[in-house]
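Quick notes on the structure that follows.
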Amino acid sequence: MRVHVDMALCQTHAQCVFAAPEVFGLDDDDELVYEAAPGDDAWPAVEEAARACPVQAIFPDAD
Ligand code: SF4
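Going by the working numbering, the first residue of the sequence shown is number 9, and it counts up by one from there.
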């Protein structure tokens, strides 16, 4: 699967980090970093992260 985050929307609320810590994280500058092509088993957690994101910045893609 693939994950896209619209960094123009992201406000580093970090709900995605709590929902899917294996895919999303914060770097030393508190900027969001994420795995753009996680394994398919990450799909449920990424969907949960997309639901949790307060600015709807996460776009999961099954491809
Ligand atoms: S929850 Fe949304 S706004 Fe917050 S860090 Fe994740 S992508 Fe960015």
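Beta carbons: idealized from backbone N, C-alpha and C, even for Gly.
Element boundaries [alpha helix (DSSP H), containing V54]: That run of the alpha helix (DSSP H) goes 51 to 60.
Identity of the residues DSSP links to V41 by a beta bridge: V41 is bridged to G33.
6 angstroms Cβ shell around H12 - same chain, five flanking residues per side excluded: Same-chain partners within the cutoff: F67.
Residue of D71, R59, D69 minimising C-alpha distance to A22: Of the listed residues, the one whose Cα sits closest to A22 is R59.
D49 versus V25: straight-line alpha-carbon distance, rounded: About 16 angstroms.
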